[in-house]
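Peer 1: Just so we're aligned: 39 in numbering that gives the first Met the number 0 is position 40 of the sequence shown, and the numbers increase by one with no gaps anywhere.
Just so it is clear, CB atoms sit at the ideal spot from N, CA and C, and this is done for glycine as well.
One structure coming up, written as structure tokens, with questions to follow.
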Amino acid sequence: MEVLLARRGIPVMAHIGFTPQSEHSLGGYRVQGRGGDAQRLVSAAKALQAAGAFAVLIEMVPEEVGAEITRSVAVPTAGIGAGSGCDAQVLVWQDMAGLRTGRRPRFVKQYADGQGVLCEAAREFAADVAAGMFPAPEHSF
């Protein structure tokens with residue numbers, strides 16, 4: 000298995016475990032690599048490295064599987080819900096900053112309530128416009 004892009008000099012970062020674009024074919028938003036499926040992910044990471052991937056993103060797998068994949072490949076790994084055994088960590092900034100609504104995946108740590116801040120700003124803007132306070136002379140040419 001050789002990655003055509005890598006062969007042509009285009010950097011390829013592999014993505015294994017849960018892949019959001021495959022959510023429906025994976026049976027929903029579910030942890031991957033449990034039980035016997037763990038070895039399949041380790042083998043896939045090795046094959047992708049051999050095919051030319053410069054790194055592997057490991058998403059939503061048990062912590063021990065993320066660590067095993069990291070030990071099994073020479074390229075760097077980045078985990079998103081794959082435990083602390085990966086070489087680097089990723090959080091989607093919209094999740095980290097609290098910009099999404101709905102159920103938050105277990106691996107997400109929300110560092111801010113960005114949605115709350117933006118909603119409050121929108122309410123204040125609408126109130127200022129309705130009250131004729133915006134735009135004020137200093138906001139006009």
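Relative to the C-alpha of residue 93, which residue among 82, 85 and 107 is closest?
Peer 2: 107
Peer 1: For residue 48, name the three-state secondary structure that DSSP assigns.
Peer 2: helix
Peer 1: Report yes or no: do the stretch 80-95 and the stretch 42-49 share at least 3 C-beta pairs separated by less than 8 Å?
Peer 2: no
Peer 1: Mind checking residue 116: buried by the 16 CB within 10 Å criterion, or exposed?
Peer 2: exposed
Peer 1: What is the DSSP secondary structure of residue 84, reduced to helix, strand or coil?
Peer 2: coil
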